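Engineer: What follows is a single structure, and I will ask about it in a moment.
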Amino acid sequence: MITQPKYRLADRVIDPSQCTIIKDGCLLKVELRAMQVLLCLTKHAGEPVSRDMLLEEVWSGGEVSDNAINRIIGLLRNQLGDNAKSPSFIKTLPKVGYVLIAEITLVKEVTKEEKFTEEVIAGSHIDERDTKTVKRKLFSILYEHSGKFVLLFISLVSLSSWSAYQYLSSDMLDISHSQNTELKRLTFLDGQEFSPVLSPDGKYLAFSQRDLGEKNWRIGMMEIESRLVVYLEDPMDSQGYPAFSPDGSRIAYLSYNNDGGCKINVVDKHSRTFGKIQKITDCKRKLQSTSIAWNPSGQSLFYIDEDQQHDYHTEKKVFSVSLNGNNKQQITQPYSIGRGDYSISLSPDGKYLAMVRNVRWYQTQVILLSLETGIWQDLFTVDLLLHTVAWARDSRSLIYRSMTGNLARYDLESSSHTQLTNIMQSIVSPISNQNGEIVAVLGEFFKTEIWRFESNFENESKKIKGKDKKNLENKVNKVTKYIFSNGMNYTASTNLDGSKVAFVSNRTGVPELWLKSGDEDGIEVKLTSFDEIISIKDISFSTSGRYILGRLNDSPFIYDITNKKIEHIDLKVNDNIYNVSWGPSSSSIVVTLDTLGLSSLELIDINTGELIQSLAEGGEYGKYSSNGMFFFTKRSGGGLWTLIGGEESLFLEDFTITSNLSWTIVDKYIYNLIATGGEYKLVRINIGTGERVYMDIYMENLSGYSISVDKFGAIFMLVSDPQNVDVIKLDYD
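Under the UniProt record's numbering, the sequence shown is numbered contiguously, ending at residue 733.
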């Protein structure tokens, strides 16, 4: 194995093997492709690097648009803290290319701050190297090995966890560590690849692919040796989830239209081309995801579908069907409270079917079915949504994405877990072929940022008479990119005066709770330190701004900003919790409980965890206003409801929410973000008068998932930009 040493660009520490940059005490993840471009520039430091050189050395001579190269250069400049007009790192040479102008040195020792950042945040060791090595030779070696797209891994230093998290993670899996895994990049395409799988002989790769910004997917097939890619011509809008037959001569896949039509098809595979398409069966209307596995006989398929007897969405199940479309049978019956069965994988020896089942909100169970005996066996559970599981070559272990965000192996005999990878880049959807060769997807599909919008609701409200003011023009005065990094930044919540914003970010590896103070140039501080993936949801400030309420998976917590302390709220309930919000004061919270599919809203004492009051049976999301009024939505039926004298009363009939975070209450106003014809409007409703004011929001890639508003009308929303992702192959022991 070849270890890639770290180096400095000026005062930035670059770690190619981890795809990270340390800048000003912060550790930033870098796209694999961006790191390859940086290594290419480093190899030719001080010399012009043309577009053709980048294409040849980074994209292996493939066709790449100028916009794609410009995006990568812009991303590198942003993460290095560079300025294109007055560069310190990457200088543009008009009509020539780019040149790296920063000083380059080997990392022999690091500062205490950098050591803290790497060991506590990144979980890596510092390698000390012989600085007498010639600089140019060093980076030639660096680039040569990175050009093969092999990521090497170094040992993980366990992160220290805070006491509340120890409480929460007492049932979590005990995972040991392994270093004998390498990742080799297979695709170099612009856009996004998903659901990849190798042919049984390992010579072809099939995958779903779409260009950035596109909605529809198509099936691509690449010959590994030549890298020639051909695409399937199917009359329906999208295709995905390919699966090779045992002899490699056919590919089964899902094909669907955006208006709801859906089929499972099989297409003949010829050398470098696709052949005849055959429909096997219809699937549930509006189904746009599945998982397909061939029976070892090659005469039938296992696949995921919903019950077609109902015209509404139900839990997903495993079915089997013969290739002639007959003998369709339901194989599984999942719990009614989960989302059902999401993925299946056939063992290389053809004896077992591994299955991923969603059993609770953000909880996944991995189950094993013996095809010889028909016996089911529960293997293990993880507190995140898995896309897939894959089989190792020996049919005695499974590969899956663990709570650390890396890939791990589960041994069927010993029931032990071993971590296989250790990088900060996201790895999802490991899929194995009939010989246990595994491919996966590397990278984040979306980069989310938090933007701040200033409105002038107050001024415009005075100009127009009447309760329903639908004809206002765009009322956004100023738009500022407020929180951004190389990673996901989401679930923003501002305090009442807008001086603090709490948010969730995975910029240092796994999701963490962060706090930003002041304006767009304010300081961003990480409040938590996890070493495993935790779903952080429903964050909101108390009225005083001192406390942050949230949920770790399904466990409520409160973070005290003054004392920098987190407290777990031990609820005296056994039902599933899937939402929390503040009660009428900071001594109580509202929780949404799910009991076998029936929801209810309950008021809970944060100190004792005891029930104070049952608020609304059938209520789904509830919030208190500053004057103590309680408003809520219902799981069944629309409208916004309130309680008057303890009795339910319909407050607004025309009220629909996108999510629990897409509406909020600030002082005397209710704000709701709604989608209309592909665009968004923010509606402000006066609680006392019922007056509505509509504000159009024109913003590309705006997400309707969440909003937060301060008392001055500043609005914090999410912008989600699609990112390039690629397919990698695992070489493992």
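C-beta atoms are modelled at their ideal positions from N, C-alpha and C, and glycine is treated no differently. Note that the structure is a prediction, hence the values are computed from the model and not measured.
1) Does the region 315-335 come within contact of the region 411-424, defined as at least 3 CB pairs closer than 8 Å?
2) Mark E214 as exposed unless 16 or more other C-beta atoms lie within 10 angstroms of its C-beta, in which case mark it buried.
3) Which two residues bound the contiguous beta strand (DSSP E) that contains G97?
4) So for F651, helix, strand or coil by DSSP?
5) Only counting the same chain, and skipping five residues up and downstream in sequence, which positions put a Cβ closer than 8 Å to that of L41?
6) Alpha carbon to alpha carbon, what distance is there between P16 and R507?
7) What did DSSP end up calling M699 once you bin it into helix, strand or coil?
8) Let me check understanding here. Comparing Cα to Cα, which of A502, G81, G678 lies closest to C26?
9) With 16 other CB atoms within 10 Å as the buried threshold, where does A164 fall?
10) Can you tell me which of Y621, T373, L515, D378 puts its alpha carbon nearest to the alpha carbon of G639?
11) Using the C-alpha atoms, what's the distance from T448 back to S703?
12) For the alpha helix (DSSP H) that A68 lies in, which residues bound it at each end?
13) In its own chain, which residues sit with a C-beta less than 7 Å from the C-beta of T642, not counting the 5 before and 5 after it?
14) Quick one: grab the DSSP three-state call for E57.
15) Indicate the three-state DSSP secondary structure (helix, strand or coil) for R51 in the structure shown.
16) I'd like the span of the alpha helix (DSSP H) that includes M221, first residue to last.
17) In three-state DSSP terms, what is L38?
18) On a Cα-Cα basis, can you pick out the residue from P235, L682, S586, I533 that is closest to Y559?
19) Return yes when the Cβ of E193 is within less than 8 Å of the Cβ of V359, no when it is not.
20) Starting from the C-beta of A502, find all residues in its chain whose C-beta is less than 6 Å away, skip the five residues before and the five after it, and write them out in chain order.
21) Can you tell me the Cβ-Cβ gap for Y241 and S320, rounded? I've got them flagged as a contact below 8 Å.
22) Rounded to whole angstroms, what is the Cα-Cα separation between E532 and T491?
23) Check whether the region 307-317 touches the region 361-381, counting contact only when three or more Cβ pairs, one atom from each stretch, lie closer than 8 Å.
24) Sort Y303, T373, D667 by Cα distance to G325 and report the nearest one.
25) Suppose the cutoff is 7 Å on Cβ atoms and the five residues either side in sequence are ignored; what does the same chain contact list for K634 look like?
26) Provide the residue span of the beta strand (DSSP E) that contains I589, from first to last.
27) On the criterion of 16 or more Cβ atoms from any shown chain inside 10 Å, does V37 qualify as buried, or is it exposed?
28) Out of D654, S706, G583, Y578, which has the shortest C-alpha to C-alpha gap to L593?
29) How would you write the range of the beta strand (DSSP E) that M403 sits in, first residue to last?
30) In terms of residues, what are the limits of the beta strand (DSSP E) holding V321?
31) Is W294 closer than 8 Å to S345 when the C-beta atoms are compared?
32) State the Cα-Cα distance for the pair G466 and L673, rounded to the nearest angstrom.
33) May I have the straight-line CA-CA distance separating residue 778 from L39, to the nearest angstrom?
34) Leaving out the 5 sequence neighbours to the left and right, which residues in its chain are closer than 7 Å to E223 when beta-carbon positions are compared?
35) Taking the beta carbon of Y400 as the centre, do at least 16 other beta carbons fall within 10 Å, making it buried, or is it exposed?
36) Helix, strand or coil: how does DSSP classify R692 here?
Structural biologist: Let me spell this out:
1) Note that the region 315-335 does not touch the region 411-424; fewer than 3 beta-carbon pairs, one per stretch, sit closer than 8 Å.
2) By one-based count along the sequence shown, residue 214 stands at place 214. Its Cβ having fewer than 16 others within 10 Å, E214 is exposed.
3) Here residue 97 corresponds to residue number 97 of the sequence shown, with the count starting at 1. In the DSSP annotation of this structure, the continuous segment of the beta strand (DSSP E) that includes G97 starts and ends at 97-100.
4) Taking the first residue of the sequence shown as position 1, residue 651 is located at position 651. DSSP places F651 within a strand segment (E or B) once states are collapsed to three.
5) Position 41 of the sequence shown holds residue 41. In the same chain as L41, and ignoring 5 residues on each side of it, the C-beta atoms closer than 8 Å to its own belong to V49, I90, Y98, V99, L100, in chain order.
6) As a first step, residue 507 must be located in the sequence shown, where it is residue number 507. As a first step, residue 16 must be located in the sequence shown, where it is residue number 16. Their backbone Cα atoms lie some 16 Å apart in a straight line.
7) By 1-based counting over the sequence shown, the position of residue 699 is 699. Three-state DSSP puts M699 in coil, outside helix and strand.
8) Here the question's residue 26 lines up with position 26 in the sequence shown. For the set A502, G81, G678, the Cα lying nearest the Cα of C26 is the one of G81.
9) Residue numbering aside, residue 164 sits at position 164 when the sequence shown is read from its first letter. Below a pLDDT of 50, predicted positions are generally treated as unreliable, and A164, at 34, falls in that range; the measurement from the model is reported next regardless. With 16 or more Cβ atoms within 10 Å of its Cβ, A164 is classed as buried.
10) To locate residue 639, count along the sequence shown from 1; it is residue 639. Distances from the CA of G639 to each of Y621, T373, L515, D378 were compared; the closest alpha carbon is that of Y621.
11) If you number the sequence shown from 1, residue 703 lands on position 703. If you number the sequence shown from 1, residue 448 lands on position 448. In a straight line, the C-alpha of S703 is about 9 Å away from that of T448.
12) Counted from its first residue, the sequence shown places residue 68 at position 68. For A68, the uninterrupted alpha helix (DSSP H) run begins and ends at 66-80, by DSSP.
13) Here residue 642 refers to the residue found at position 642 when the sequence shown is read from its first residue. Apart from sequence neighbours up to five positions away, the residues of its chain that approach T642 with a beta-carbon distance below 7 Å are M629, F630, F631, S649, F651, ordered along the chain.
14) On the sequence shown, position 57 is the one that residue 57 refers to. In the structure shown, E57 sits in a helix (DSSP, three-state: H, G or I).
15) Counting from one through the sequence shown, the residue named residue 51 turns up at place 51. DSSP places R51 in helix when its eight states are reduced to three.
16) As a working note, residue 221 is residue 221 in the sequence shown. That residue, M221, is in no alpha helix (DSSP H); its beta strand (DSSP E) goes 218-223.
17) Position 38 of the sequence shown, counting from 1, holds the residue named residue 38. It is helical.
18) For the purposes of this step, residue 559 is identified with residue 559 of the sequence shown, where counting begins at 1. Across the set P235, L682, S586, I533, the C-alpha of S586 shows the shortest separation from the C-alpha of Y559.
19) Position 359 of the sequence shown, counting from 1, holds the residue named residue 359. Position 193 of the sequence shown, counting from 1, holds the residue named residue 193. Remark: C-beta atoms of V359 and E193 do not approach each other more closely than 8 Å.
20) Here the question's residue 502 lines up with position 502 in the sequence shown. Its chain contains S493, L515, I539, I548 as the residues whose beta carbon lies nearer than 6 Å to that of A502, once the 5 sequence neighbours on both sides are disregarded; these appear in chain order.
21) In the sequence shown, residue 241 corresponds to position 241, counting from 1. In the sequence shown, residue 320 corresponds to position 320, counting from 1. Going by Cβ atoms, the distance from Y241 to S320 rounds to 16 Å, so no, they are not a contact pair.
22) Taking the first residue of the sequence shown as position 1, residue 532 is located at position 532. Taking the first residue of the sequence shown as position 1, residue 491 is located at position 491. Each residue's Cα considered, the two are about 19 Å apart.
23) Taking 8 Å as the limit for Cβ pairs, the verdict is that the region 361-381 does not touch the region 307-317.
24) Counting from one through the sequence shown, the residue named residue 325 turns up at place 325. Taking each of Y303, T373, D667 in turn and checking the Cα distance to G325, the smallest one comes out for Y303.
25) Looking up residue 634 in the sequence shown gives position 634. Exclusion of the five residues before and after K634 leaves G618, G619, E620, W641 as the residues of its chain whose Cβ lies within less than 7 Å of its Cβ.
26) As a working note, residue 589 is residue 589 in the sequence shown. For I589, the uninterrupted beta strand (DSSP E) run begins and ends at 588-595, by DSSP.
27) Residue mapping note: residue 37 aligns to position 37 of the sequence shown, counting from 1. Residue environment for V37: buried (at least 16 other C-beta atoms within 10 angstroms of its C-beta).
28) Your numbering for residue 593 matches position 593 in the sequence shown. Nearest to L593 by C-alpha distance, out of D654, S706, G583, Y578, is Y578.
29) Residue numbering aside, residue 403 sits at position 403 when the sequence shown is read from its first letter. M403: not part of any beta strand (DSSP E); DSSP gives it neither H nor E.
30) To locate residue 321, count along the sequence shown from 1; it is residue 321. Taken as a continuous stretch (DSSP letters only), the beta strand (DSSP E) holding V321 covers 317-322.
31) One-based indexing of the sequence shown puts residue 345 at position 345. One-based indexing of the sequence shown puts residue 294 at position 294. No.
32) As a working note, residue 466 is residue 466 in the sequence shown. As a working note, residue 673 is residue 673 in the sequence shown. Annotation note: pLDDT 39 at G466 (below 50); position unreliable, coordinate value reported separately. Whole-angstrom Cα-Cα distance: 21 Å.
33) Beyond the ends of the chain as shown, which are 1 and 733, falls residue 778; an answer cannot be given.
34) For this step, residue 223 is matched to residue 223 along the sequence shown. Counting only residues of its own chain and dropping the five nearest sequence neighbours on each side, E223 has a CB closer than 7 Å to the CB of K203, Y204, R272.
35) Taking the first residue of the sequence shown as position 1, residue 400 is located at position 400. With 16 or more other Cβ atoms within 10 Å, it is buried.
36) For the purposes of this step, residue 692 is taken as the residue at position 692 of the sequence shown. The three-state reading of DSSP puts R692 in strand, counting E and B together.
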